[in-house]
């Protein structure tokens with residue numbers, strides 16, 4: 001479990017960044033609208049998803065009573081918090097229960113506060129309707145009815161009025177045609193409301209009766225991909241006395257964001273002692289077609305960790321006009337359920353399947369799945385692909401894989417950790433006669449003279465371990481082999497699901513270790529990182545990491561550059577300073593990182609997270625978050641298709657890929673040409689032309705391509 005930090009936090013007043021798309025609706029208020037013939041009830045919505053309700057032809061009438069992946073009207077879950085009405089109430093008295101956090105929102109009663117998020121409904125005018133006729137708009141199904149609101153606007157400038165099941169409309173109103181709007185009180189839920197709403201229009205007159213229906217469905221809650229331009233960066237607030245290093249981190253983060261050209265200020269949460277902004281939430285959104293593009297509502301997703309207090313801040317502080325929050329209660333505090341274990345593959349098409357909003361990836365821990373898996377599956381749009389993260393001590397997908405924009409037909413590329421490339425860098429430095437160099441080039445900080453005991457108060461010592469010592473550590477070299485195999489197996493899942501080839505994967509040099517999590521008796525924060533058990537190896541039978549037969553459980557040895565912040569739209573990548581070994585004054589790991597990200601058009605900015613995140617089990621991505629542009633047209637085409645490949649299965653399988661020797665005591669494959677168990681073999685692990693890892697070869701990406709020269 002990630003180690004929580006105790007922060008003394010003060011109040012913070014920055015309003016969250018919304019940028020909810022507000023667009024005009026199709027208001028057919030004039031008398032020139034087409035008319036229904038004789039006594040024929042006709043209700044329509046935006047069935048063809050062009051952002052308009054068409055009353056002139058059949059584009060919105062054909063197939064309107066059914067809803068499919070590529071046809072059917074969409075409406076929004078209108079769960080924002082206009083002017084922070086609900087959030088303010090939550091903060092007035094004692095803390096409410098988790099169950100009550102989301103009971104108040106813009107749609108929790110029958111008052112319309114945000115008409116810009118209504119989806120249009122129209123009835124075709126009936127000018128020949130006799131006096132005494134009446135009409136009724138209703139939803140028959142009780143579950144659907146309880147989750148949906150319908151409003152009526154009598155004229156273009158009049159107030160919207162709520163339509164309940166007993167509301168009737170006069171002949172005069174029906175002759176003109178009804179202007180209606182619909183929204184949702186909630187989102188799609190597993191084992192609950194599936195988002196559908198069949199709206200029925202009945203007309204009764206002296207000439208008889210007529211009835212018509214139209215099917216709509218609430219928009220799914222979607223997560224962002226790194227193709228969506230960033231709009232604001234999120235972190236958590238420290239203070240000068242209680243958490244000086246977190247305060248320093250935030251100053252560096254702010255400077256890096258400003259350097260990128262992003263003008264919006266940082267939003268810093270300040271209502272919890274939890275520093276892991278990536279992990280207690282996942283930014284999301286819901287959108288529907290509008291006449292000028294998607295109409296979107298930002299929806300922040302609380303991690304399904306009921307006892308994680310930090311997630312409550314989404315409801316108490318972050319909600320606002322155009323910003324809602326959602327939670328799916330019932331999950332444990334286990335790290336598997338954190339937001340860092342949720343990432344999204346950008347949009348793609350493969351094997352007849354279209355993923356216009358991208359596809360989620362979640363990490364499995366053996367047979368245990370993320371508690372949000374049922375929720376995301378209920379959205380039926382970004383059906384999660386399951387990866388294996390059980391080999392990691394924290395166990396999040398953002399610890400070893402990343403998707404970044406790339407100028408290609410696909411539009412994106414995979415960045416993945418490569419511990420064998422990390423070993424190769426060290427071997428090359430050793431071969432140049434500089435093996436006595438320290439692995440960590442960072443200097444120790446001066447211990448603070450101020451009395452403080454909060455997270456980020458005192459510095460973490462930097463080890464003086466040399467390159468020669470690292471390479472001579474057979475247990476540590478075995479760990480790199482095992483990690484490489486586990487990463488490669490996950491990449492095979494991604495390739496099988498997306499069609500990505502090896503040429504579309506960039507390998508980042510990395511090094512892993514087995515960390516120690518023993519808690520000091522004085523209650524101070526434990527050091528995740530550079531203690532003697534790291535370089536000398538940890539007993540493979542350590543019960544702290546036992547989970548069935550797999551006891552690998554690793555974290556980043558050097559700060560993991562894969563765990564950074566992609567500022568899409570600004571060509572910038574903010575990542576932890578790796579503090580790697582220096583050759584002629586240059587950090588080789590940092591130089592290689594900059595070169596590899598430059599190959600995809602991104603400038604790298606390094607910031608120091610040594611005392612704030614790295615030595616407590618995370619990096620910059622773990623400690624930050626971002627909200628992004630919501631103009632995603634997810635609703636076109638064959639969403640998800642017939643693809644049933646879900647990745648890593650519950651029995652520990654990797655689809656069509658077989659992993660060899662993943663156990664901690666069986667790491668070395670004698671037939672593996674990438675075996676680096678012999679640290680004196682200058683070529684071991686370097687070629688990788690035909691081996692299991694195959695990730696450092698001359699025709700791949702990585703440090704083997706001459707990104708630097710040793711002398």
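Numbering (UniProt numbering), first residue to last: 1 to 711.
For each residue, glycine too, the CB sits at the ideal point set by N, CA and C.
Distance check for residue 579 and residue 706, CA to CA, integer angstroms please. To locate residue 706, count along the chain shown from 1; it is residue 706. To locate residue 579, count along the chain shown from 1; it is residue 579. Since pLDDT at residue 706 reaches only 31, below the 50 mark, its modelled position is unreliable, and the value read off the structure follows with that caveat. Cα to Cα, residue 706 sits roughly 21 Å from residue 579.
Is the region 311–329 close to the region 382–391, with three or more CB pairs under 8 Å? no
Select from 613, 437, 200 and 626 the residue whose C-alpha is nearest the C-alpha of residue 465. Locating residue 465 in the chain shown gives position 465, counting from the first residue. It is 437.
Are there 16 or more other CB atoms within 10 angstroms of the CB of residue 58, so buried, or fewer, so exposed? On the chain shown, position 58 is the one that residue 58 refers to. Counting of Cβ neighbours within 10 angstroms places residue 58 among the exposed residues, the total staying below 16.
Assess, as a yes-or-no matter, whether the region 499–513 is touched by the region 475–483 under the definition of 3 or more beta carbon pairs within less than 8 Å. yes
Could you tell me the alpha carbon to alpha carbon distance between residue 216 and residue 348, rounded to whole angstroms? Counting from one through the chain shown, the residue named residue 216 turns up at place 216. Counting from one through the chain shown, the residue named residue 348 turns up at place 348. Taking the straight line joining both Cα atoms gives about 26 Å.
Sequence-distant residues of the same chain with beta carbon closer than 7 Å to residue 714, five excluded per side: The structure shown does not extend to residue 714, since the chain is modelled only from 1 to 711, so the question has no answer here.
Going by the CB atoms, is the gap between residue 356 and residue 227 shorter than 7 Å? As a first step, residue 227 must be located in the chain shown, where it is residue number 227. As a first step, residue 356 must be located in the chain shown, where it is residue number 356. In this structure, residue 356 does not lie closer than 7 Å to residue 227 by Cβ.
Extent of the continuous alpha helix (DSSP H) run through residue 423: The residue given as residue 423 occupies position 423 in the chain shown. Looking at the DSSP string, the run of the alpha helix (DSSP H) that includes residue 423 is 419–429.
DSSP state of residue 408, grouped into three classes? As a first step, residue 408 is located in the chain shown; it is residue number 408 there, counting from the start. Here residue 408 sits in coil by DSSP.
Helix, strand or coil for residue 625, going by three-state DSSP, please let me know. Position 625 of the chain shown, counting from 1, holds the residue named residue 625. Secondary structure of residue 625 (DSSP, three-state): strand.
Among the candidates 602, 446 and 310, whose CA atom is the shortest distance from the CA of residue 415? Locating residue 415 in the chain shown gives position 415, where the first residue counts as 1. Taking only the C-alpha atoms, the option nearest residue 415 is 602.
Could you tell me which residues DSSP pairs with residue 443 in its beta bridges? For the purposes of this step, residue 443 is identified with residue 443 of the chain shown, where counting begins at 1. Beta-bridge pairing links residue 443 to no other residue.
Nearest neighbour of residue 621, chosen from 92, 341, 197 and 307 [CA to CA]: As a working mapping, residue 621 is identified with position 621 in the chain shown. It is 341 whose Cα lies nearest to the Cα of residue 621.
When DSSP labels each residue in this structure, what does residue 595 get in the three-state scheme? Locating residue 595 in the chain shown gives position 595, counting from the first residue. DSSP places residue 595 in helix when its eight states are reduced to three.
If you scan the region 238–270 from start to end, which runs of the beta strand (DSSP E) of 3 or more residues do you find wholly inside it? Within the region 238–270, the runs of beta strand (DSSP E) that reach at least 3 residues and sit entirely inside it are, in chain order, 267–269.
Close Cβ partners of residue 235 (< 7 Å) along its chain, the five nearest in sequence each way excluded: Numbered from 1 along the chain shown, position 235 holds the residue referred to as residue 235. So the list reads 250, 253, 266, 268, 277, 623 and 624, once near-sequence residues are dropped.
Proximity of residue 214 and residue 394 at Cβ, strictly below 7 Å: Working through the chain shown from its first residue, we reach residue 214 at position 214. Working through the chain shown from its first residue, we reach residue 394 at position 394. Taking 7 Å as the Cβ cut-off, residue 214 and residue 394 do not qualify as a contacting pair.
Contact between the region 501–510 and the region 592–600 (3+ Cβ pairs under 8 Å): yes
Quick one: residues in its chain with C-beta nearer than 6 Å to the C-beta of residue 365, no 5 flanking neighbours on either side, listed in chain order? Position 365 of the chain shown holds residue 365. Within the same chain, residue 365 has close Cβ partners 336, 390 and 395.
Determine whether the beta carbon atoms of residue 119 and residue 182 lie at a separation below 7 Å. Against the chain shown, residue 119 aligns to sequence position 119. Against the chain shown, residue 182 aligns to sequence position 182. Cβ distance < 7 Å, so residue 119 and residue 182 count as in contact.
Inter-residue Cα distance where the pair is residue 420 and residue 470: Position 420 of the chain shown, counting from 1, holds the residue named residue 420. Position 470 of the chain shown, counting from 1, holds the residue named residue 470. Approximately 13 Å between the Cα atoms of the pair.
So residue 439 packs on residue 559, CB below 8 Å; how close in whole Å? Counted from its first residue, the chain shown places residue 439 at position 439. Counted from its first residue, the chain shown places residue 559 at position 559. The pair is not a contact, with the Cβ atoms about 12 Å apart (cut-off 8 Å).
Buried or exposed: where does residue 86 fall if 16 or more other Cβ atoms within 10 Å of its Cβ makes it buried? Taking the first residue of the chain shown as position 1, residue 86 is located at position 86. Residue 86 should be labelled buried.
With a 10 Å radius around its C-beta and 16 neighbouring C-beta atoms as the bar for buried, classify residue 41 as buried or exposed. Sequence index remark: in the chain shown, residue 41 carries index 41 (1-based). Classification for residue 41: buried.
List the residues that DSSP assigns as beta-bridge partners of residue 416. Reading the chain shown from its first residue, position 416 is the one you call residue 416. BP columns for residue 416 point to 401 and 507.
Enumerate in chain order the residues of its own chain whose CB-to-CB distance from residue 377 is below 8 Å, with the five nearest sequence positions on each side excluded. For the purposes of this step, residue 377 is taken as the residue at position 377 of the chain shown. Cβ within range, chain order: 190, 383 and 384.
Measuring straight from C-alpha to C-alpha, what distance separates residue 295 and residue 47? By one-based count along the chain shown, residue 295 stands at place 295. By one-based count along the chain shown, residue 47 stands at place 47. Rounded to whole angstroms, residue 295 to residue 47 spans 16 Å at the Cα level.
Span of the alpha helix (DSSP H) holding residue 482? On the chain shown, residue 482 is found 482 positions in, with the first residue counted as 1. Run containing residue 482: 474–498, per the alpha helix (DSSP H) assignment.
Hey, would you say residue 273 sits closer than 7 Å to residue 280, going by beta carbons? The count along the chain shown starts at 1 and reaches residue 273 at position 273. The count along the chain shown starts at 1 and reaches residue 280 at position 280. Result no, Cβ atoms of residue 273 and residue 280 do not sit closer than 7 Å.
Near residue 494, what residues of its chain come up, given a Cβ to Cβ distance below 7 Å and the 5 sequence neighbours on each side ignored? For the purposes of this step, residue 494 is taken as the residue at position 494 of the chain shown. Only 414 and 500 meet the Cβ criterion.
Among 485, 188 and 260, the one whose alpha carbon lies nearest that of residue 380: Against the chain shown, residue 380 aligns to sequence position 380. The option with the nearest alpha carbon to residue 380 is 188.
Please classify residue 597: is it buried, with 16 or more other beta-carbons within 10 angstroms of its beta-carbon, or exposed? Numbered from its first residue, the chain shown carries residue 597 at position 597. Its Cβ being crowded by 16 or more others within 10 Å, residue 597 is buried.
Sub-7 Å separation of residue 317 and residue 300 beta-carbons: What you label residue 317 is simply residue 317 of the chain shown in a count that begins at 1. What you label residue 300 is simply residue 300 of the chain shown in a count that begins at 1. Their beta carbons are not under 7 Å apart, which means residue 317 does not touch residue 300 by this criterion.
Relative to the C-alpha of residue 583, which residue among 425, 184 and 66 is closest? If you number the chain shown from 1, residue 583 lands on position 583. The residue with the shortest Cα to Cα distance from residue 583 is 425.
Cβ atoms of residue 313 and residue 627: under 7 Å apart, would you say? Numbered from 1 along the chain shown, position 627 holds the residue referred to as residue 627. Numbered from 1 along the chain shown, position 313 holds the residue referred to as residue 313. Cβ distance not < 7 Å, so residue 627 and residue 313 don't count as in contact.
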